[in-house]
Amino acid sequence: MARRRSTSTRSSGESRSTRGNGGGGGGSYGGKSAAEARVERLTWGLLVAAFAILQLVPETAASFPTWTVPLVGAVVLLGSGIYQNTRHWRVSPITWIGGTLMLVFVILNLYMLPGRSFLGESLIVFAAVIIFGLFTGET
Numbered sequence: 001m002a003r004r005r006s007t008s009t010r011s012s013g014e015s016r017s018t019r020g021n022g023g024g025g026g027g028s029y030g031g032k033s034a035a036e037a038r039v040e041r042l043t044w045g046l047l048v049a050a051f052a053i054l055q056l057v058p059e060t061a062a063s064f065p066t067w068t069v070p071l072v073g074a075v076v077l078l079g080s081g082i083y084q085n086t087r088h089w090r091v092s093p094i095t096w097i098g099g100t101l102m103l104v105f106v107i108l109n110l111y112m113l114p115g116r117s118f119l120g121e122s123l124i125v126f127a128a129v130i131i132f133g134l135f136t137g138e139t
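Numbering (the numbering used here), first residue to last: 1 to 139.
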């Protein structure tokens with residue numbers, strides 16, 4: 001009996017390692033493109049900057065609402081996840097979970113617990129996302 005020819009949709013120049021990772025050009029970091037690694041580092045930097053800015057601004061100069069940090073965290077994490085997803089890059093579940101949890105903190109703070117600060121919980125979520133990303137290489 002004759003063997004059937006493979007009906008792969010890959011072009012002859014496309015390897016399995018670069019297929020579907022958003023282009024794969026410009027170097028690779030653990031299977032990621034340089035652009036994808038750059039976006040993940042930017043996400044981590046923005047998470048750290050959210051806390052740094054609040055610590056550097058004197059309390060008398062500006063009084064931020066208690067939901068500011070969770071909102072910034074939700075925007076950074078969910079925005080990063082959406083951006084990476086539109087580029088067809090893999091997005092870690094911890095990014096979606098962390099962003100959603102931060103959004104829940106905002107909603108709780110606005111509607112159910114207006115006097116409660118979720119700064120500590122936000123810091124824990126930020127740290128978990130960054131630590132998970134360092135160990136797995138994903139954000």
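The beta-carbon is built from N, C-alpha and C at its ideal position, and this holds for glycine as well.
Per DSSP, reduced to three states, the secondary structure at residue 117 is coil, with no helix or strand assignment.
Rounded to the nearest whole angstrom, the CA to CA distance from residue 120 to residue 48 is 14 Å.
Residues of the same chain with a CB within less than 6 Å of the CB of residue 70, apart from the 5 flanking positions on each side, are 102, 105, 106, 118 and 122 in chain order. A Cβ-Cβ distance of about 13 Å is found for the pair residue 77 and residue 45, leaving them out of contact under the 8 Å criterion. Annotation: the continuous alpha helix (DSSP H) that includes residue 45 extends over 34 to 56. The C-alpha of residue 40 lies about 11 Å from the C-alpha of residue 92. Rounded to whole angstroms, the gap between the alpha carbons of residue 94 and residue 132 is 8 Å. Residue 50 sits buried, since 16 or more C-beta atoms from the chains shown fall within 10 Å of its C-beta. The alpha helix (DSSP H) runs of length 4 or more contained entirely in the stretch 75 to 128 are, from start to end of the chain, 93 to 107. Straight-line spacing of the CA atoms in residue 33 and residue 84 works out to 12 Å.
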